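Heads up: the sequence shown begins at 14 in our numbering, then just goes up one per residue. Glycine is no exception: its CB is placed at the ideal position from the N, C-alpha and C atoms. Please read all numbers here as calculations on a predicted model, not as lab measurements. See below for the structure under consideration.
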Amino acid sequence: MKSQKQGHVLVVTYPAQGHINPLLQFAKRLASKGLKTTLATTPYTLKSITTTTTTSLQIEPISDGYDESGFSQAPSLEAYLESFRAVGSKSLEDLIVKSNNTTSPVNSVVYDSLLPWALDVARAHGVLCAAFMTNSASCCSLYWRVDRGGLDLEREKGSVLVVPGVPPLGVNEMPSFLNGEIAQSPYLALIMEKFKRLEENDWVFCNSFEELEGELVKAMQGLWPLQMVGPMVPSAYLDQQIEGDTSYGASLWKLTSDQHMTWLSTKPPNSVIYVSFGSMADISHKQVEEIAWGLKASEKHFLWVIKEPKNKLPNGFLNSLGEAGMVVTWCDQLEVLSHQAVGCFVTHCGWNSTLEGLSLGVPMVAVPQWSDQPMNSKFVEEVWGVGVRAGRNEEGIVGREAIAMSVRAVMEGERSGEIRRNALKWRVAAKKAVSIGGSSDRIVDSFVELLKGKKN
Ligand code: UDP
């Protein structure tokens, strides 16, 4: 009798909200296609996963050496990354070996590209290996070109960066790790390491979709191995493909209540501004103050996620709000963005937030901070036409007038109709990409078929 085809993929996450979300979503997609899938995440973040998906996703801890406390207790980012590399390699190896005594041994590892050592572990155990990129493909292409010597940033310093498939980027539009501003960040060394070894992977996935970065796809064809499988937004918001897949199912911060959803329900369609700067950005007091008064000046309702409102907001602001606005310390962003009352998303343009705003058809005001955010915000405004970038003043701050003006431009200005039409167009395209037979879905299918057919 022919042995039954099976496969078992281990999906390894990096413990940050913007990394767990897309990797967990990818794991759920693989599981929903009948592939045995195990998500490996650090003990600290494991507690945050509440997925109730009906698919058969299993979850296992992988140690980073900070099992009780998590990342925040590490003396530095470098120390944390080193600990995860040393302890995590062993822990990943144990997971693979443990599975060898079961009926479905692990035959592949998908790892967050911030964990390049997973490639060595997978190779040592003879299993297939796939890196997962959590930035846009356009952003990845810049790092890739720097690694291949096609971009000499020292020589280009101060000038407009012109690379195939990407619109010309000014100094303040390229990823901040590349413009010299924070060139010493340990993240940069880590990022460059993953690009150096890109071709050693059997597959390289990217949380984007072909149609979204069409010019880039054309320019890079045949040059590199990136494959677009996104957007990694739970299917209930896109195409209802996976039963019960209504949230990422992971939250490193607690929802204190759902009063904001009740509050949203009392507001007319497209009338509320949703404001969030993601999970990592540390916005200065001055900037928070300008956003606060800018939102008030817009005379629109707003829902603002801010982790430490009491420390950060200007004196008297909270008390002055009344019905005009609501401040929360965390929310389920997808639930909020998909609420009909929300008509504008003031965002830092983290890649997940950008994709979420786009996939849910919400016009955006971009207030980028660092990393890939300035580049994402350029695409939001100039390539996809789904929002505007709020301008900075001489102090490098987005002032209250700029906030109020940008919000009005997106919600009621001359271009607001066109922005809304573009937002709806991209929403449809995102849904199509992950629906059965769509550009992203086809790639996921071929990966799953390969793994189901592969024997150790
Ligand atoms: N998020 C959320 N609730 C919030 C703020 C953010 O669920 O109140 C989620 C958001 O949906 C996104 C992630 O946190 O998936 C943030 O990732 P992103 O890449 O946008 O930014 P980062 O946090 O990495 O800067």
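Residue i: CB within 6 Å of a non-hydrogen atom of the ligand UDP
| i | result |
| --- | --- |
| G307 | no |
| C344 | yes |
| S366 | yes |
| S292 | yes |
| S85 | no |
| N6 | With the chain covering 14 to 469 only, the question about residue 6 has no answer from this structure. |
| G370 | no |
| Q30 | yes |
| V176 | no |
| S289 | yes |
| V34 | One point to set straight first is that residue 34 is Asn, not Val, in the sequence displayed. N34: yes, Cβ under 6 Å from the ligand UDP. |
| G374 | no |
| V301 | no |
| G5 | Residue 5 is absent from the structure shown; the chain starts at 14 and stops at 469. |
| V217 | no |
| G363 | yes |
| V318 | yes |
Cβ shell of residue i (< 7 Å), same chain only, five flanking positions each side left out
| i | result |
| --- | --- |
| A249 | D258 and T259 |
| E224 | A442, A446 and S452 |
| R158 | L164 and V176 |
| G400 | P376, M377, V378, A379, V393, E394, V423 and I432 |
| N435 | W397, G398 and V399 |
| K465 | K18, Q19, G20 and L48 |
| P406 | Looking at the sequence provided, one finds Asn at residue 406 rather than Pro. So the qualifying residues of the chain are G412. |
| R98 | W130 |
| Q386 | H361, C362 and G363 |
| K170 | G193 |
| F180 | Correcting the residue identity first, residue 180 is Pro in this sequence and not Phe. Only K391, E395 and V396 meet the Cβ criterion. |
Reduced DSSP category for residue i - H, G, I as helix; E, B as strand; rest coil
| i | result |
| --- | --- |
| F222 | coil |
| W317 | strand |
| T269 | coil |
| Y93 | helix |
| Q71 | strand |
| Y287 | strand |
| A263 | strand |
| Q346 | helix |
| T50 | strand |
| M241 | strand |
| R402 | strand |
| L211 | helix |
| V420 | helix |
| L37 | helix |
| V25 | strand |
| G409 | coil |
| V341 | strand |
| V217 | strand |
| L182 | strand |
| I449 | coil |
| L463 | helix |
| I296 | coil |
| L174 | strand |
Cut-off 8 Å between Cβ atoms - residues of its own chain near residue i, not counting five sequence neighbours on either side
| i | result |
| --- | --- |
| S372 | P244, V246, Y250, L251, W439, R440, A443 and K444 |
| E108 | As written in the sequence, residue 108 is Leu, which differs from the Glu given in the question. L23, T51, A53, E73, I75 and V119, listed in sequence order. |
| W276 | L316 and M339 |
| M205 | Y156, V159 and D160 |
| L334 | V340 |
| S69 | A44, K49 and T50 |
| V420 | I286, G307, L308, S311, K313, C357, V359 and V378 |
Contacts around residue i, its chain only, beta-carbon distance under 6 Å, and the 5 residues preceding and following it disregarded
| i | result |
| --- | --- |
| L174 | L182 and M187 |
| W306 | R413 |
| M146 | S126, C153 and C219 |
| S351 | Y250 and L373 |
| G83 | Y57 |
| G239 | Position check: residue 239 holds Leu in this sequence, whereas Gly was assumed. Contacts found: A150, V217 and C219. |
Check: residue i C-beta below 6 Å from any heavy atom of the ligand ZN
| i | result |
| --- | --- |
| V230 | Only the ligand UDP can be found as ligands here, which leaves the ligand ZN out of the picture. |
> Going along the chain, which unbroken runs of the beta strand (DSSP E) with 3 or more residues stay wholly within the stretch 111–169?
Replying inline: 121–125 and 141–146
> Can you list, in chain order, the stretches of the alpha helix (DSSP H) that have 4 or more residues and sit fully within the stretch 348–397?
Replying inline: 364–372 and 386–391
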